[in-house]
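**Student:** Per the working numbering, residue 50 is the first one in the sequence shown, and the count goes up by one each step. From the three backbone atoms N, C-alpha and C, an ideal C-beta is built for every residue, glycine too. Quick caveat, the model's predicted, so the values are computed rather than measured.
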Amino acid sequence: MKNSIISYPRIGALRELKFGIEKYFKKESSKKELLDLAKNLRKTHWQSIQKAEIDFVPCNDFSLYDNVLDTAVLFNIVAKRYKALNLEPLDEYFAQSRGYQGQNGDVVALAMKKWFNTNYHYLVPECDDAEAISLVGDKIFSEFQEAKEQGINAKPVLVGIFTLFKLINFIDESAKEKAKEKLVKAYIALFEKLNLLGAEWVQLDEPYLVYDLDEKEIALFEEFYKELLQNKKGLKILLQSYFGDLRDIYSKLLENDFDGLGLDFIEGKESLTLLEKYGFSENKILFAGVVNGKNIYKNDYAKTLNLIQKIQKYTQNIVLNTSCSLLHVPYTTKFETKLDKAYLEHFAYAEEKLNELKELKEILQSSHPNSHKFFIQNQELFKNAPNKIDAKVRQRVANLQNSDFIRKPEFKTRAKTQQELLKLPLLPTTTIGSFPQSPDVRSNRLAFKQQKISASSYTEFNQNKIKECIKIQEEIGLDVLVHGEFERNDMVEYFGENLQGFLFTQNGWVQSYGTRCVKPPIIWGDVSRLKAITVSWAKFAQNQSSKIVKGMLTGPVTILNWSFPREDITLKESTQQIALAIRDEVLDLENAGIKIIQIDEAALREKLPLRKSDWHKEYLDWAIPAFNLVHSGVKEETQIHTHMCYSEFSDILKEIDAMDADVISFEASRSNLNLLDTLKAVNFQTAVGPGVYDIHSPRVPSVEEIKETIRKILAKLPKEQIWINPDCGLKTRGYEEVLASLKNMTQATKEIREELKG
Ligand code: GLN
Ligand code: ZN
Numbered sequence: 050m051k052n053s054i055i056s057y058p059r060i061g062a063l064r065e066l067k068f069g070i071e072k073y074f075k076k077e078s079s080k081k082e083l084l085d086l087a088k089n090l091r092k093t094h095w096q097s098i099q100k101a102e103i104d105f106v107p108c109n110d111f112s113l114y115d116n117v118l119d120t121a122v123l124f125n126i127v128a129k130r131y132k133a134l135n136l137e138p139l140d141e142y143f144a145q146s147r148g149y150q151g152q153n154g155d156v157v158a159l160a161m162k163k164w165f166n167t168n169y170h171y172l173v174p175e176c177d178d179a180e181a182i183s184l185v186g187d188k189i190f191s192e193f194q195e196a197k198e199q200g201i202n203a204k205p206v207l208v209g210i211f212t213l214f215k216l217i218n219f220i221d222e223s224a225k226e227k228a229k230e231k232l233v234k235a236y237i238a239l240f241e242k243l244n245l246l247g248a249e250w251v252q253l254d255e256p257y258l259v260y261d262l263d264e265k266e267i268a269l270f271e272e273f274y275k276e277l278l279q280n281k282k283g284l285k286i287l288l289q290s291y292f293g294d295l296r297d298i299y300s301k302l303l304e305n306d307f308d309g310l311g312l313d314f315i316e317g318k319e320s321l322t323l324l325e326k327y328g329f330s331e332n333k334i335l336f337a338g339v340v341n342g343k344n345i346y347k348n349d350y351a352k353t354l355n356l357i358q359k360i361q362k363y364t365q366n367i368v369l370n371t372s373c374s375l376l377h378v379p380y381t382t383k384f385e386t387k388l389d390k391a392y393l394e395h396f397a398y399a400e401e402k403l404n405e406l407k408e409l410k411e412i413l414q415s416s417h418p419n420s421h422k423f424f425i426q427n428q429e430l431f432k433n434a435p436n437k438i439d440a441k442v443r444q445r446v447a448n449l450q451n452s453d454f455i456r457k458p459e460f461k462t463r464a465k466t467q468q469e470l471l472k473l474p475l476l477p478t479t480t481i482g483s484f485p486q487s488p489d490v491r492s493n494r495l496a497f498k499q500q501k502i503s504a505s506s507y508t509e510f511n512q513n514k515i516k517e518c519i520k521i522q523e524e525i526g527l528d529v530l531v532h533g534e535f536e537r538n539d540m541v542e543y544f545g546e547n548l549q550g551f552l553f554t555q556n557g558w559v560q561s562y563g564t565r566c567v568k569p570p571i572i573w574g575d576v577s578r579l580k581a582i583t584v585s586w587a588k589f590a591q592n593q594s595s596k597i598v599k600g601m602l603t604g605p606v607t608i609l610n611w612s613f614p615r616e617d618i619t620l621k622e623s624t625q626q627i628a629l630a631i632r633d634e635v636l637d638l639e640n641a642g643i644k645i646i647q648i649d650e651a652a653l654r655e656k657l658p659l660r661k662s663d664w665h666k667e668y669l670d671w672a673i674p675a676f677n678l679v680h681s682g683v684k685e686e687t688q689i690h691t692h693m694c695y696s697e698f699s700d701i702l703k704e705i706d707a708m709d710a711d712v713i714s715f716e717a718s719r720s721n722l723n724l725l726d727t728l729k730a731v732n733f734q735t736a737v738g739p740g741v742y743d744i745h746s747p748r749v750p751s752v753e754e755i756k757e758t759i760r761k762i763l764a765k766l767p768k769e770q771i772w773i774n775p776d777c778g779l780k781t782r783g784y785e786e787v788l789a790s791l792k793n794m795t796q797a798t799k800e801i802r803e804e805l806k807g
C-alpha cells in the first residue's frame, strides 16, 4: 500500500509567501530574494512530505500566484496586452495576476473566478492568439529538477488539457478550434520532456469532469486523451479528479489507457457506487481520495478502513490519497497556542493530514489493522471528544414544524401594510450596512480585544462613531439608515464569536487568491445564542434618529458557508441550529422597536453543488428554508431585507424569491443589468435594490451616470418595486469617496423622482 497527496499548500506555515510577495510588490525586496524565499519554502514542504513517508511527492504544485495561470504561462497562453508591456517574465506574470500601471503601459489583470466549489479563486486565462500556443515554460521542469537535487523523484502536477481548455476565455470560435490541436501538441511536448528528465508519473488535474457533462464534452475529452495517451511513451499518467464523482464518464475512463485514476470518495457521493456498478480495471492504479482535503477535522480511521475494505473488493491496486489539494486547508496546527488541547487534538491541517496518510498506510499494512496502536489511539480520540451536543438545541430542531418555515401573511398583503406604516418615498434610498472601517475603528477594536481599554471606553468610541454615521446619513438625505457596523471585524466571525458552538484559530489561514488568505471559524458543536448580540447597538442607533435605522444580521447559510463545517451532523441540521439562533436575534430586534431588519446572505450562491442536477436535493431544499426559518416569526409590519454579493443568480431566481424577504439588494452595477429582464420574466415578487454603483472601486459616480442607471432599472421594473443603494457594504472604502458617491446617489434619486412626477 502506498500513499500520495494531490498538492500541498504553498503559502507557508506563517504565510511567509504572502508577506514575501507583498514585499516584492512594494519594491522592498528584490526578485532574487523572492525566488530564494520560494525555493526555501518548497524545500521545507518537501521535507515535511518526506518525513511523513509519502510515496508520491508532488512538484509544480507551488505557485507564486495561481496554478491555472502557471499552466497558461507554461503553454504561452498570455494575452497580447501583457506581452506588449515587454516586461521580464516574473513581472509579466504579476501583471497578469494583478494588472500593471507603470512606464511600460497600463493594463488590467486577468479576471478571477471561484475555483469550483472552493473559496480559492483562479485567474481566467485569456487566449487571443491560439497560433502561439506551445510549450514555452520552464517552471514545471525546474521544480522537478529541484526536487531531484533533494533526492526526490517527484510527481509533476498540472491542470489537465480538458479542464484547462474549458476554463480558458477564447477571443473567438476560430481561436478555440485552433487551440485544440495546439494544446494537444503542447501537452505531448511536455510529456516528452518529462520523460527525458526521468519523471515516472505526471498528474493531470481534471476537476471539470465532476460537472454534469454532455455528449459533446465527453467526446472532446476523449478526442484530447486519445492522442495524449498514444504519445505518453514511458510516462505514467494519473488522471486526477476531485470535488465530486465521475458519474458521466467513469465507465469510459476504465477503457482508456490511463495508468492511474484519482477518485474522490469524500465529496464524490457516487464514487463507490460507480465502482460497484462498473468495477475497476486491472491495469490501473486507483488513487483513492479518503482523507478530506477541504475540512480541518481529523480522519476517523474506522470509517476510512471500512471504506477501503469496500474499495478493495474491486481492486487491490490502491494508493491512499487526499480527496483534493491540501491548498484548501491551513498549513499546520503547530502554531495554535491558544486553542485548548482537548479541541486541537481533533484538528488536522495539511501537515497533520500527511501524518494521517502515514498512519493509515501503516495500519493497512499490518496484519491486524483494528489492533494497530494508531488505530486504537484514533478511536480513543473520537470517543473522548469534548462535548458537541446541546440537548436543548437538539430538542428545538426536532420540534420544528412546517409552519415554522412560512411567514404570514403573504408577501403582497404585508407589503401594503408596511408601505402604510413605514411611509417611505418612491425609490427609497439606503446602504448595505457597513461604513468605512477607518484605522481608528480598527485600533479601537484591537485595543479592546487585547484588553488595553475598558469595555465602556470601547463602547463609547463606537457609539460616537454611530452618532457621526447617523448624522452623515441624515445630512446626505438617505431614507433608511444603518448604524455602520463599526463593532464588526467580519460579518461571519462577529456572529461566530457571539454564539455558542464556534471555535477560532490563530493561524488557520487558507489561500483565497494570490496573497489573500481567509481564516474561517470552526463549527465545533451545537449552535445557540446565549444573549442578544446586536440589539444594544441597534437600539442606540435608532435613538439617534427619527428616520428608520435598519438592524443588520448575517444569515445562517452564509455563516455556514464561510466556516469549517462539522462532519458529525448534516449541513442541513447545522444550518437549522444557526438559523434558530439568528431567529432569536431577529425577534429581539423587533421587540426593541427595530422596524427593518436586514439578514445578509452574501454567500448563498457559493455552495451550490457543481452539478446542476444536485442543486435542489443537495442544497437549495434546505438552504432556502433555513433562511425562511430566520424571519418567519416577525410581525406583518416588520420589513425583512436581504443582501447578496453577486448578480449572477438568474438561474435561481425562483428560489431567491422563495426566501420570502420583503426587499433584496444585490450587485448589479458592474455588469448585469440584464438580470432585470429575467426578474421581469419570472414575475419576481420581492422588492429589489440592484446596486446603482460599484463600491469595489474608489471612483465616484456622477449624478448623471447614476440617473442613467436608475432609468435603465425603471425601464424594466415597476417603480414601486425598486430601491436605490450601492452594490455592497462600504467598509473597504474611504470616507471621502463614500460621502461624494452617496450624495450623488441621493441627488440622482431626487431628480428621477421629480421626472416621474412630471
Ligand atoms: N452588511 C454587510 C456590509 O455592509 C454586507 C457585506 C457583504 O455583502 N459582504 O458590510
Ligand atoms: Zn455584498
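Would you say HIS680 touches the ligand GLN, meaning its beta carbon is less than 7 Å from a heavy atom?
**Tutor:** Counting from one through the sequence shown, the residue named residue 680 turns up at place 631. HIS680 Cβ: outside cutoff for every heavy atom of the ligand GLN.
**Student:** Does the stretch 553-571 come close enough to the stretch 475-488 to have 3 or more Cβ pairs within less than 8 Å?
**Tutor:** Segments in contact, no.
**Student:** Between the alpha carbons of ASP85 and PHE68, how many angstroms are there, rounded?
**Tutor:** In the sequence shown, the residue the question calls residue 85 occupies position 36. In the sequence shown, the residue the question calls residue 68 occupies position 19. If I take the Cα positions, the gap works out to 14 Å.
**Student:** I'd like the span of the beta strand (DSSP E) that includes MET693, first residue to last.
**Tutor:** For the purposes of this step, residue 693 is identified with residue 644 of the sequence shown, where counting begins at 1. Counting along the chain, the beta strand (DSSP E) containing MET693 begins and ends at 688-693.
**Student:** Have a look at ALA434 and GLY342 and give me their C-alpha separation to the nearest angstrom.
**Tutor:** Numbered from 1 along the sequence shown, position 385 holds the residue referred to as residue 434. Numbered from 1 along the sequence shown, position 293 holds the residue referred to as residue 342. Going from the Cα of ALA434 to the Cα of GLY342 covers about 22 Å.
**Student:** Compute the Euclidean distance between the alpha carbons of GLY328 and GLU102, then round it to the nearest angstrom.
**Tutor:** What you label residue 328 is simply residue 279 of the sequence shown in a count that begins at 1. What you label residue 102 is simply residue 53 of the sequence shown in a count that begins at 1. Approximately 30 Å between the Cα atoms of the pair.
**Student:** Check whether the stretch 643-653 and the stretch 682-694 touch, using three or more Cβ-Cβ pairs below 8 Å as the test.
**Tutor:** Verdict: yes, contact present.
**Student:** Is the closest heavy atom of the ligand GLN to the C-beta of CYS694 under 7 Å?
**Tutor:** Against the sequence shown, residue 694 aligns to sequence position 645. It does: the Cβ of CYS694 is within 7 Å (strictly closer) of some heavy atom of the ligand GLN.
**Student:** Where do the N-terminal and C-terminal ends of the beta strand (DSSP E) with MET161 fall, by residue?
**Tutor:** Along the sequence shown, read from residue 1 onward, the residue named residue 161 stands at position 112. 161-163 is the span of the beta strand (DSSP E), which, as asked, contains MET161.
**Student:** Along the chain, which unbroken stretches of the beta strand (DSSP E) at least 3 residues long are found entirely within the stretch 367-415?
**Tutor:** Segments of the beta strand (DSSP E) lying fully in the stretch 367-415: 367-371.
**Student:** First and last residue of the alpha helix (DSSP H) that includes MET50?
**Tutor:** Position 1 of the sequence shown, counted from the first residue, corresponds to residue 50. Looking at the DSSP string, MET50 is not in any alpha helix (DSSP H), and its letter there is neither H nor E.
**Student:** Compare the C-alpha of PRO739 against each of SER746, ASP726, ARG748, SER751 and name the closest.
**Tutor:** Taking the first residue of the sequence shown as position 1, residue 739 is located at position 690. Checking every option, the nearest Cα to that of PRO739 belongs to ASP726.
**Student:** Can you check which of these residues, VAL122, TYR742, HIS94, GLY283, is closest to LYS188 by C-alpha distance?
**Tutor:** Mapped onto the sequence shown, residue 188 falls at position 139. Closest by alpha carbon: VAL122.
**Student:** Distance, Cα to Cα, ALA496 vs LYS621?
**Tutor:** Within the sequence shown, the letter at position 447 stands for residue 496. Within the sequence shown, the letter at position 572 stands for residue 621. Whole-angstrom Cα-Cα distance: 37 Å.
**Student:** When you compare the CB positions of ASN305 and LEU278, do they come within less than 8 Å of one another, or not?
**Tutor:** Position 256 of the sequence shown holds residue 305. Position 229 of the sequence shown holds residue 278. Yes. Within cutoff.
**Student:** Of all the alpha helix (DSSP H) runs that stay within the bounds of the stretch 69-128, which reach a length of 4 or more residues?
**Tutor:** Here the runs fully enclosed are 80-100, 116-123.
**Student:** Report the residue from GLN796, ASP254, SER487 whose alpha carbon sits nearest the alpha carbon of PHE292.
**Tutor:** As a working note, residue 292 is residue 243 in the sequence shown. Nearest option by C-alpha distance: ASP254.
**Student:** So the alpha helix (DSSP H) GLY600 belongs to, where does it begin and stop?
**Tutor:** Within the sequence shown, the letter at position 551 stands for residue 600. GLY600 -> not in any alpha helix (DSSP H); beta strand (DSSP E) instead, spanning 600-603.
**Student:** Who pairs with GLN647 in a beta bridge, going by DSSP?
**Tutor:** Within the sequence shown, the letter at position 598 stands for residue 647. Paired residues: MET601, HIS690.
**Student:** Report yes if the C-beta of ALA651 is less than 7 Å from at least one heavy atom of the ligand GLN; otherwise report no.
**Tutor:** Taking the sequence shown and counting its residues from 1, the one referred to as residue 651 is at position 602. Indeed, a heavy atom of the ligand GLN lies less than 7 Å from the Cβ.
**Student:** For ASN640 and HIS665, I'd like the C-alpha separation in whole angstroms.
**Tutor:** By 1-based counting over the sequence shown, the position of residue 640 is 591. By 1-based counting over the sequence shown, the position of residue 665 is 616. Going from the Cα of ASN640 to the Cα of HIS665 covers about 35 Å.
**Student:** For GLU222, tell me which candidate among SER183, LEU728, GLU276, CYS176 has the shortest Cα-Cα distance.
**Tutor:** Mapped onto the sequence shown, residue 222 falls at position 173. Considering only alpha carbons, the answer is CYS176.
**Student:** Between GLN625 and ALA707, how many whole angstroms is the CB-CB distance? I'm expecting something under 8 Å.
**Tutor:** Along the sequence shown, one-based indexing puts residue 625 at 576. Along the sequence shown, one-based indexing puts residue 707 at 658. Going by Cβ atoms, the distance from GLN625 to ALA707 rounds to 17 Å, so no, they are not a contact pair.
**Student:** Among the candidates SER78, CYS108, VAL208, ASP104, whose CA atom is the shortest distance from the CA of LEU90?
**Tutor:** One-based indexing of the sequence shown puts residue 90 at position 41. When each option's Cα is compared against that of LEU90, the closest is CYS108.
**Student:** Considering only residues of the stretch 543-631, which uninterrupted alpha helix (DSSP H) runs meet the minimum length of 4 residues and lie entirely inside it, listed in chain order?
**Tutor:** Runs found: 584-592, 605-610.
**Student:** For LEU287 versus GLY317, is the C-beta spacing smaller than 8 Å?
**Tutor:** In the sequence shown, counting from the first residue as 1, residue 287 sits at position 238. In the sequence shown, counting from the first residue as 1, residue 317 sits at position 268. No, they are not a contact pair.
**Student:** How is the alpha helix (DSSP H) around GLN365 delimited, first residue to last?
**Tutor:** If you number the sequence shown from 1, residue 365 lands on position 316. Note, GLN365: premise wrong, no alpha helix (DSSP H); not H, not E.
**Student:** In three-state terms, what does DSSP make of CYS518?
**Tutor:** On the sequence shown, position 469 is the one that residue 518 refers to. Reduced to three states, the DSSP call for CYS518 is helix.
**Student:** Locate the beta strand (DSSP E) running through ASP155, then write down its first and last residues.
**Tutor:** Within the sequence shown, numbered from 1, the residue matching residue 155 stands at position 106. It spans 154-156 - the beta strand (DSSP E) in which ASP155 sits, taken as one unbroken run.
**Student:** Alpha carbon to alpha carbon, how far is GLN289 from ALA337? Give it in angstroms, no decimals.
**Tutor:** Sequence index remark: in the sequence shown, residue 337 carries index 288 (1-based). Sequence index remark: in the sequence shown, residue 289 carries index 240 (1-based). So the two alpha carbons sit approximately 10 Å from each other.
**Student:** Write down the C-beta distance between ASP711 and GLN467 rounded to the nearest angstrom, noting that I regard them as a contact closer than 8 Å.
**Tutor:** The residue you call residue 711 lines up with position 662 of the sequence shown. The residue you call residue 467 lines up with position 418 of the sequence shown. Contact flag correct, Cβ pair sits at about 7 Å.
**Student:** What do you reckon, is the C-beta of SER483 under 7 Å from a heavy atom of the ligand GLN?
**Tutor:** Here residue 483 refers to the residue found at position 434 when the sequence shown is read from its first residue. Answer for SER483: yes, Cβ within range of the ligand GLN.
**Student:** If you drop the 5 nearest sequence neighbours on each side, which residues of the same chain put their C-beta closer than 7 Å to that of ALA144?
**Tutor:** As a first step, residue 144 is located in the sequence shown; it is residue number 95 there, counting from the start. TYR131, LEU134, LEU136, VAL156, listed in sequence order.
**Student:** Report whether the distance from the Cβ of GLY533 to the nearest heavy atom of the ligand ZN is below 7 Å.
**Tutor:** Stepping through the sequence shown from its first residue, residue 533 is reached at position 484. Checking every heavy atom of the ligand ZN against the Cβ of GLY533, none is found closer than 7 Å.
**Student:** Can you give me the C-alpha to C-alpha distance between SER751 and SER790, rounded to a whole angstrom?
**Tutor:** Numbered from its first residue, the sequence shown carries residue 751 at position 702. Numbered from its first residue, the sequence shown carries residue 790 at position 741. Each residue's Cα considered, the two are about 8 Å apart.
**Student:** Out of GLY545, LYS498, ARG565, MET601, which has the shortest C-alpha to C-alpha gap to SER577?
**Tutor:** Taking the sequence shown and counting its residues from 1, the one referred to as residue 577 is at position 528. Comparing Cα positions, the closest option is GLY545.
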